[in-house]
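Input: a single structure, listed below in structure tokens.
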Amino acid sequence: MNTIRDPTTGRSWATSRELIEFIVSVHHGYLRLSLPVVDQLIEQIVRKGLVPVHLMDRLQREFTALADLLDTHIAKEECWLFPKIRHLREPVGEVCWACQMDDGLEELMDRLAFDINEALTMFDQIAACLGDARWTGKGPLTDQLKEDVQELHENFVRHAQLEMNVLFPHVRELLQRHALAV
130 MNTIRDPTTG RSWATSRELI EFIVSVHHGY LRLSLPVVDQ LIEQIVRKGL VPVHLMDRLQ
190 REFTALADLL DTHIAKEECW LFPKIRHLRE PVGEVCWACQ MDDGLEELMD RLAFDINEAL
250 TMFDQIAACL GDARWTGKGP LTDQLKEDVQ ELHENFVRHA QLEMNVLFPH VRELLQRHAL
310 AV
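Residues in the sequence shown are numbered consecutively from 130, following our numbering.
And the structure:
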């Protein structure tokens with residue numbers, strides 16, 4: 130059995146199904162819980178008028194775009210990509226496969242990788258906005274917002290690395306093995 134190993138953390142999974150379950154429960158679960166919390170913090174800061182309106186508008190636009198992208202990313206993975214990957218099977222014989230490989234799998238992974246890179250760029254834009262000196266010394270809500278956004282970013286970076294450096298290469302390897310076996 131080929132173990133799927135994350136070279137960054139050393140963690141391993143016996144199957145792509147186990148890796149997918151880990152991504153969904155740990156990373157997608159975290160995003161589902163954290164995005165509304167950050168959105169609520171932003172709303173509280175808006176109501177209290179702690180930061181100039183134009184900075185809040187910018188932050189709200191950027192965070193809303195990011196949250197929408199991440200929600201869509203999760204849906205694409207859980208509704209399309211992950212079910213397709215779950216149905217991939219190891220070769221049954223020399224050239225016999227348990228199921229038909231989907232030609233669109235590579236393209237779907239490429240689109241999701243593009244979305245991941247776009248989200249990382251959005252995180253950079255949000256960090257630049259929160260790095261403005263006018264956010265400093267505004268109290269515990271703004272401090273909590275900065276901390277929560279940083280934690281969200283760090284979790285998403287781990288999520289992105291796991292997909293782009295571990296899961297996607299593993300699936301591409303399976304697809305390549307299938308192509309060579311045919």
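Ideal Cβ positions, reconstructed from N, Cα and C, are used throughout, including at glycine.
So T271 packs on I203, CB below 8 Å; how close in whole Å? With 8 Å as the limit, T271 and I203 do not qualify as a contact, their Cβ atoms being about 27 Å apart.
Among the residues of its own chain, which have a CB less than 6 Å from the CB of E219, if the five just before and after it don't count? Because the pLDDT of E219 is 45, which lies under 50, any placement of that residue in the model is unreliable, and the question is left without a value.
Give the secondary structure of R140 by DSSP, where H, G and I count as helix, E and B as strand, and everything else as coil. coil
To which residues of the same chain is R134 closer than 6 Å at the C-beta, ignoring the five residues directly before and after it? S141
Distance, Cα to Cα, K267 vs L179? 6 Å
In or out: C258 buried (at least 16 other Cβ within 10 Å) or exposed? buried
Helix, strand or coil for G222, going by three-state DSSP, please let me know. Note that G222 has pLDDT 45, beneath the 50 cutoff, so the model's placement of it is unreliable and the number below is only indicative. Of the three classes helix, strand and coil, the one that applies to G222 here is coil, per DSSP.
Cα-Cα separation, Q254 to V153: 26 Å
Within its chain, find whatever has a CB closer than 8 Å to the CB of R301; leave out the 5 residues flanking it on each side and keep chain order. E235 and M238
Using a Cβ-Cβ cutoff of less than 8 Å, which residues in the same chain neighbour K112 once the five nearest sequence positions on both sides are dropped? Outside the displayed span of the chain (130 to 311) sits residue 112, for which this structure offers no information.
Spatial distance of R187 from H157 (CA atoms): 26 Å
Tell me the rounded alpha-carbon separation between S305 and C208. Per the sequence shown, residue 305 should be read as Gln rather than Ser. If you take the alpha carbons of Q305 and C208, they lie about 24 Å apart.
Could you tell me which residues DSSP pairs with R134 in its beta bridges? S141
Contact check, L249 vs L170, beta carbons under 8 Å: no
Do D261 and V166 have their C-beta atoms closer together than 8 Å? no
Three-state secondary structure (DSSP) at P298? helix
Threshold first: 4 residues or longer. Then list the alpha helix (DSSP H) segments lying entirely within the stretch 149-210, N to C. 158-177 and 182-205
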